[in-house]
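Residue numbers (the working numbering), protein chains in the order written: chain L, 26 to 261; chain R, 18 to 357. Note that CB positions come from ideal geometry on N, CA and C, so glycine has one too. Owing to the predicted nature of the structure, the values given are computational and were not obtained by experimental measurement. Below you'll find the structure, written out as structure tokens, and then a few comments.
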Amino acid sequence: MIILGIESSTQQVGAAIGGHEGVLSAAHTSRGRRHAELLTPTIDFVRRSARIELHEISCVAVDLGPGLFTGLRVGIAAAKAMAHALRVPMIGVPSLDLLAFPVRHTSRLIVAAIDAKRGEVFYAFYRQVPGGVQRVSAHQLGSPDDLASELLATPDEVLMVGDGALRYHDAFDGLKRVELADQGFAHPSASSLVQLAHARALREQFVAAWELAPLYLRKPDAEINWTTRDEQGRAE
Amino acid sequence: MTAHPREATVVLGIETSCDETAAAVVSGAQTVLSSVVSSQIELHARFGGVVPEIASRAHVDLLTPVIAQALVEAGLPDGGVEAVAATVGPGLIGSLLVGVSAAKALALVWDVPFVGVNHLEAHLYAGFLEDPSLELPVVVLLVSGGHTLLIHMEDHGRYRLLGQTIDDAAGEAFDKVARYLGLGYPGGPAIDRVAMDGDPEAIRFPRAMQDESYDFSFSGLKTAVVNHVRRHPEVGTADVAASFQEAVVDVLVTKAQRAAQAVGAKGMVLGGGVAANSVLRERFLDACTADGMHAFVPSRAMCTDNAAMVAAAGWWRLRSDGPTPLDAGGDPNLRLPVVT
Ligand SMILES: [Zn+2]
Numbered sequence: 026m027i028i029l030g031i032e033s034s035t036q037q038v039g040a041a042i043g044g045h046e047g048v049l050s051a052a053h054t055s056r057g058r059r060h061a062e063l064l065t066p067t068i069d070f071v072r073r074s075a076r077i078e079l080h081e082i083s084c085v086a087v088d089l090g091p092g093l094f095t096g097l098r099v100g101i102a103a104a105k106a107m108a109h110a111l112r113v114p115m116i117g118v119p120s121l122d123l124l125a126f127p128v129r130h131t132s133r134l135i136v137a138a139i140d141a142k143r144g145e146v147f148y149a150f151y152r153q154v155p156g157g158v159q160r161v162s163a164h165q166l167g168s169p170d171d172l173a174s175e176l177l178a179t180p181d182e183v184l185m186v187g188d189g190a191l192r193y194h195d196a197f198d199g200l201k202r203v204e205l206a207d208q209g210f211a212h213p214s215a216s217s218l219v220q221l222a223h224a225r226a227l228r229e230q231f232v233a234a235w236e237l238a239p240l241y242l243r244k245p246d247a248e249i250n251w252t253t254r255d256e257q258g259r260a261e
Numbered sequence: 018m019t020a021h022p023r024e025a026t027v028v029l030g031i032e033t034s035c036d037e038t039a040a041a042v043v044s045g046a047q048t049v050l051s052s053v054v055s056s057q058i059e060l061h062a063r064f065g066g067v068v069p070e071i072a073s074r075a076h077v078d079l080l081t082p083v084i085a086q087a088l089v090e091a092g093l094p095d096g097g098v099e100a101v102a103a104t105v106g107p108g109l110i111g112s113l114l115v116g117v118s119a120a121k122a123l124a125l126v127w128d129v130p131f132v133g134v135n136h137l138e139a140h141l142y143a144g145f146l147e148d149p150s151l152e153l154p155v156v157v158l159l160v161s162g163g164h165t166l167l168i169h170m171e172d173h174g175r176y177r178l179l180g181q182t183i184d185d186a187a188g189e190a191f192d193k194v195a196r197y198l199g200l201g202y203p204g205g206p207a208i209d210r211v212a213m214d215g216d217p218e219a220i221r222f223p224r225a226m227q228d229e230s231y232d233f234s235f236s237g238l239k240t241a242v243v244n245h246v247r248r249h250p251e252v253g254t255a256d257v258a259a260s261f262q263e264a265v266v267d268v269l270v271t272k273a274q275r276a277a278q279a280v281g282a283k284g285m286v287l288g289g290g291v292a293a294n295s296v297l298r299e300r301f302l303d304a305c306t307a308d309g310m311h312a313f314v315p316s317r318a319m320c321t322d323n324a325a326m327v328a329a330a331g332w333w334r335l336r337s338d339g340p341t342p343l344d345a346g347g348d349p350n351l352r353l354p355v356v357t
């Protein structure tokens, strides 16, 4: 089984190809917000490096977010189109899972945090389990201070990963028992995506291209304003 | 590298620049094998206009099923597409990138050329899709929610910009006046409907820019409508709508007709979403008949945003420029490539 993985939920764009033999090829580029420009050449590069023809791919895995909306959509639109054209199923994996997976060997509580812009972060908590990590909280959206208060309340040693942790490190620097992983763990890894997807593919946990939906965690502004107006209207 | 498309090269077109998610299969820039358009109008109606983030989200959800349907209807569920064309601009950037990304991915999987298409050029080609007898040069009046352009199309890919709006686009004026009159969104069809029961001569609204230039201006007309209704609250909405529509159509057709005569065009082409307006269509045809000029008024479905026109323009672009590199992105402010 050959899996193509695509991730583009932060300012990074990544693709990887792998299967039973592990990850055969992976590439990541962070070049500002140029997801649409970079993604197709990156996919072509990893499949050439891995010496794989695209029709050999049996599953397309994609990062579902949360993250930068435009980047996320570039990856998901491309992944859906490829899965449809190749007539293969898909597997979606949340971006925060992809951040936590590379640090799975720690026994500490893992906190994955992605910069959500507007002074907020998308975050979730993870624990080590045999073969990987398990999410032990919901996906959340909040200010770095909200997250810092949650960390203050936990008795655990904590390892933080992700560009959200690094960008707002001021909020976490003073916390005891909390360590920030370095820049090398700042973005979701396409290799992790292929590894996690492979495990799910063995259990046939596929979705069809038209069923796969992004994880936004934030409503469009217009809808937020509309709801607020609606509620105010009712209150008056 | 320049790929030379055959007369019958099969192009898949993808259009996601605004609030229509569309895919179509066209053979050789002329034969429409399928054209699927999924409109998001209902998603945006309560906001009174297109909300970019909502549009982008809907494109992601709708695009794969729309492409699948276009391929099935074209009788090509198992491949056979020889090039993939997608709108790269102008439009909403988040929406454009959904279509561009999907198109490039398909081109990669099928190992066929990708062609980036200018949305405005696509509208120009809608006229050719339905009438192969169209002979150049022509003058094109392109009127939509975002654009009001008068173009001299000398040859394929060779355009001269004769005039454009200096403020609101024609479609924008329809939306604003419809909102003011409480007729709802989108404004074009709403005014068209209501105006049928009104007298277009009831109110003589000003015709702006009645000078030598081919430029347009609609913001003054909108203000005139508002002022008139304030001063005459008893006036019937149908009469206001009909008189407003009359003023817009009058200016558009007069200038297009004058331009066509001046450049010695063989025909006049109408395009863009506002070209679905029934009075504009009628008056445009009348003007051509009066001047003995060939008129090209595409069906309403081909005037509003669709992907068949994108595929057709893609075929021509493939012929003139060859494939677009796979590291291309979108450009929200892309202009029509004009010669000066
Ligand atoms: Zn348009």
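At which residues does the beta strand (DSSP E) containing residue i begin and terminate?
i      : result
R/N135 : 131-135
R/S55  : 48-56
L/I152 : Rather than Ile, the amino acid found at residue 152 of chain L in this sequence is Arg. 146-154 is the span of the beta strand (DSSP E), which, as asked, contains L/R152.
R/Q181 : 175-181
L/E46  : First-last for L/E46: undefined, no H or E at that position.
Buried or exposed: which applies to residue i, given that a residue is buried once 16 or more other Cβ atoms fall within 10 Å of its Cβ?
i      : result
R/N323 : buried
R/P149 : exposed
L/Q230 : exposed
L/E261 : Only weak support is given to the placement of L/E261: the predicted model assigns it a pLDDT of 38, under 50, and the value that follows is read from those uncertain coordinates. So L/E261 counts as exposed.
R/D192 : buried
R/E263 : buried
R/M213 : exposed
L/M26  : exposed
R/V89  : exposed
R/N350 : exposed
R/M18  : Here R/M18 scores only 39 on pLDDT, less than 50, and its place in the model is too uncertain to base an answer on.
L/I135 : buried
L/Q208 : exposed
L/K142 : exposed
R/D256 : buried
R/S337 : exposed
R/D228 : exposed
L/S74  : exposed
At a threshold of 8 Å, does residue i count as lining ligand 3 (C-beta to nearest heavy atom)?
i      : result
L/S132 : Of the ligands one can find in the structure shown, namely ligand 1, none is ligand 3.
Using the beta-carbon of each residue, which ones in chain L are nearer than 8 Å to residue i?
i      : result
R/W364 : What the structure shows of chain R is the stretch from 18 to 357, and residue 364 of chain R is not part of that stretch, so it cannot be assessed.
R/V115 : R98, V99, A102
R/I84  : A106, H109
R/D344 : E62, L63, T65, P66
When the distance is taken between beta carbons, is residue j closer than 9 Å to residue i?
i      : j      : result
R/F233 : R/I183 : yes
R/G174 : R/P354 : yes
L/P239 : L/R98  : yes
R/M310 : R/A277 : yes
R/A292 : R/L146 : no
L/G274 : L/L89  : For residue 274 of chain L there is no data in the structure shown, the boundaries of chain L being 26 and 261.
L/G96  : L/V186 : no
R/V134 : R/A102 : yes
R/I71  : L/P155 : no
R/D128 : R/L153 : no
R/Q57  : R/L93  : no
R/G331 : R/L114 : no
L/V85  : L/M115 : yes
R/V156 : R/A25  : no
L/L172 : L/Y151 : no
Since residue i meets chain R, which of its residues come closer than 7 Å, beta carbon to beta carbon?
i      : result
L/I262 : Here chain L covers residues 26 to 261 and nothing more, so residue 262 of chain L does not appear.
L/P180 : Ordered by position in chain R, no residue passes the 7 Å Cβ test against L/P180, which lies about 40 Å from the chain.
L/D246 : E70
L/A173 : Result: empty, since nearest Cβ-Cβ is about 29 Å, beyond 7 Å.
L/A234 : T81
L/L123 : Within chain R, no residue comes near L/L123; the closest Cβ sits about 19 Å away, beyond 7 Å.
For residue i, return the contacting residues in chain L, with the cut-off set at a CB-CB distance below 7 Å.
i      : result
R/G347 : A61
R/V118 : According to the sequence provided, residue 118 of chain R is Ser. The question's Val does not apply to it. Within 7 Å Cβ-Cβ: A61, L64, V99, A102, A103.
R/A122 : T65, A103, A106, M107
R/V77  : R98, I101, A102, P239
Between which two residues does the alpha helix (DSSP H) carrying residue i extend?
i      : result
R/E299 : 295-308
L/F94  : 94-111
R/C35  : First-last for R/C35: undefined, no H or E at that position.
L/A138 : No alpha helix (DSSP H) holds L/A138; the beta strand (DSSP E) holding it covers 134-140.
R/E70  : 69-90
Please compile the residues from chain R whose C-beta is within a distance smaller than 9 Å of the C-beta of residue i.
i     : result
L/F94 : E70, S73, R74, G111
Mind listing which residues have their beta carbon within less than 5 Å of any non-hydrogen atom of ligand 1? Chain order is fine.
R/S161, R/D322
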